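As given, the protein sequences belong to chains A and B, one line each in that order.
Counted the way my numbering counts, the first sequence spans residues 875 to 988.
Counted the way my numbering counts, the second sequence spans residues 61 to 171.
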Amino acid sequence: DTGVSQNPRHKITKRGQNVTFRCDPISEHNRLYWYRQTLGQGPEFLTYFQNEAQLEKSRLLSDRFSAERPKGSFSTLEIQRTEQGDSAMYLCAVPGQGLYNEQFFGPGTRLTVL
Amino acid sequence: GQQLNQSPQSMFIQEGEDVSMNCTSSSIFNTWLWYKQEPGEGPVLLIALYKAGELTSNGRLTAQFGITRKDSFLNISASIPSDVGIYFCAGPNSGNTPLVFGKGTRLSVIA
């Protein structure tokens, strides 16, 4: 148990629809990260939060993507007007307790866009 | 951007054999992390390395942080069927930046 839950675990949607994913860390963490993983690749960074503030976004995060962390605890990632290229595993991660940047991942949400 | 190169891409081994995989980078890393991912799940942290030259073990797993800080290797001794999965190296290039991952080494164990 990594202490991070993600919902839904699987989502199948039609192209053009909007989808929203949720990440719930069990304990408090200042930082929260979102990654995307496509088939045959390692996870790629999308964005991260320090408390409620979204501090960094990668170039992968197009304007159809928006992420929030309203109370500094759970986070949501929304994709508007989904495209087939959005099909991927979306992973949420939180840092460890130490001073180093180890991160612990949730089980992910597998998105399939038809 | 930064890239981590993992080799081999895939391995097929007999149960009981030892396994070695490595990860290299063109730039320096201050932390090296090794993860294992099974189908449909998120990556699970196996070993974290914080200091150049460091050798760390976790059960049958041993990992080393290269002296140049540009490489790391992971060894698995006496492999068992549950070792099957994809092994990723990862690290932040500095401070608290997000992680960069390699493309993984897919391990298959033949009983």
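Yeah, the Cβ is synthetic: ideal placement off N, Cα and C, and Gly gets one too.
Note that this is a predicted model, so its numbers are computed, not measured.
Exercise for review: Figure out for me which residue from A/L988, A/G980 and A/V987 has the closest Cα to the Cα of B/E14.
Suggested key: Outside the shown range of chain B (61 to 171) lies residue 14 of chain B, about which nothing can therefore be said.
Point to revise | Closest Cα partner of A/Q891 within the set A/Q954, A/T986 and A/D960 | key: Counting from one through the first sequence, the residue named residue 891 of chain A turns up at place 17. Of the listed residues, the one whose Cα sits closest to A/Q891 is A/Q954.
**Study point:** Straight-line Cα distance separating B/S137 from A/C839
**Key:** Here chain A comprises residues numbered 875 to 988, so residue 839 of chain A is not present and cannot be evaluated.
Exercise for review: Assign B/P141 to buried or exposed, taking buried as 16 or more other Cβ atoms, counted over all protein chains shown, within 10 Å of its Cβ.
Suggested key: As a working note, residue 141 of chain B is residue 81 in the second sequence. By the 10 Å Cβ count, B/P141 comes out exposed.
Exercise for review: Starting from the C-beta of A/A962, find all residues in its chain whose C-beta is less than 7 Å away, skip the five residues before and the five after it, and write them out in chain order.
Suggested key: Taking the first sequence and counting its residues from 1, the one referred to as residue 962 of chain A is at position 88. If we look at A/A962 and ignore the five residues flanking it on each side, its Cβ neighbours are R910, Q911, T912 and L985.
Review point. Per DSSP, B/F133 is paired with what?
Key: Working through the second sequence from its first residue, we reach residue 133 of chain B at position 73. B/N82 and B/Q124.
Exercise for review: State yes or no: is the C-beta of A/Y964 within less than 8 Å of the C-beta of A/F919?
Suggested key: Here residue 964 of chain A refers to the residue found at position 90 when the first sequence is read from its first residue. Here residue 919 of chain A refers to the residue found at position 45 when the first sequence is read from its first residue. The answer is no: Cβ separation not under 8 Å.
**Study point:** Opening and closing residue of the beta strand (DSSP E) in which A/T986 lies
**Key:** As a first step, residue 986 of chain A is located in the first sequence; it is residue number 112 there, counting from the start. T983 to V987 is the extent of the beta strand (DSSP E) around A/T986.
Review point. So which residues on chain B does A/F919 lean against when the C-beta distance must stay under 8 Å?
Key: Against the first sequence, residue 919 of chain A aligns to sequence position 45. Residues of chain B passing the Cβ test: P158, L159 and V160.
Practice item. Output, in chain order, the set of chain B residues within a Cβ distance shorter than 8 Å of A/E976. Key: One-based indexing of the first sequence puts residue 976 of chain A at position 102. In chain order: T91, L93, L105 and A108.
Review point. Three-state secondary structure (DSSP) at B/S117?
Key: As a position in the second sequence, residue 117 of chain B is number 57, starting the count at 1. Strand.
Exercise for review: List the whole-angstrom C-beta distance separating A/T956 from A/V893, where the pair is believed to meet the contact cut-off of C-beta under 8 Å.
Suggested key: Position 82 of the first sequence, counting from 1, holds the residue named residue 956 of chain A. Position 19 of the first sequence, counting from 1, holds the residue named residue 893 of chain A. Contact between A/T956 and A/V893 holds: their C-beta atoms lie close to 6 Å from each other, under 8 Å.
**Study point:** When B/W94, B/A112 and B/E98 are compared against B/L105, the one with the closest alpha-carbon
**Key:** The sequence position of residue 105 of chain B within the second sequence is 45, counting from 1. Nearest option by C-alpha distance: B/W94.
Review point. Beta carbon of B/S168, beta carbon of B/V144: below 8 Å?
Key: Here the question's residue 168 of chain B lines up with position 108 in the second sequence. Here the question's residue 144 of chain B lines up with position 84 in the second sequence. Going by C-beta atoms, B/S168 is nearer than 8 Å to B/V144.
Check your understanding: Under a Cβ-count criterion, where at least 16 other Cβ atoms within 10 Å of its own Cβ denotes burial, should A/E976 be classed as buried or exposed?
Key -> Walking along the first sequence from the start, residue 976 of chain A turns up at place 102. A/E976 should be labelled buried.
**Study point:** Within-8 Å CB hit, B/K163 to chain A
**Key:** As a first step, residue 163 of chain B is located in the second sequence; it is residue number 103 there, counting from the start. Yes, B/K163 counts as interfacial toward chain A.
Point to revise | Coil, strand or helix - A/Q958 by DSSP | key: Here residue 958 of chain A refers to the residue found at position 84 of the first sequence. Shown here, A/Q958 sits in a helix according to DSSP, grouped into three states.
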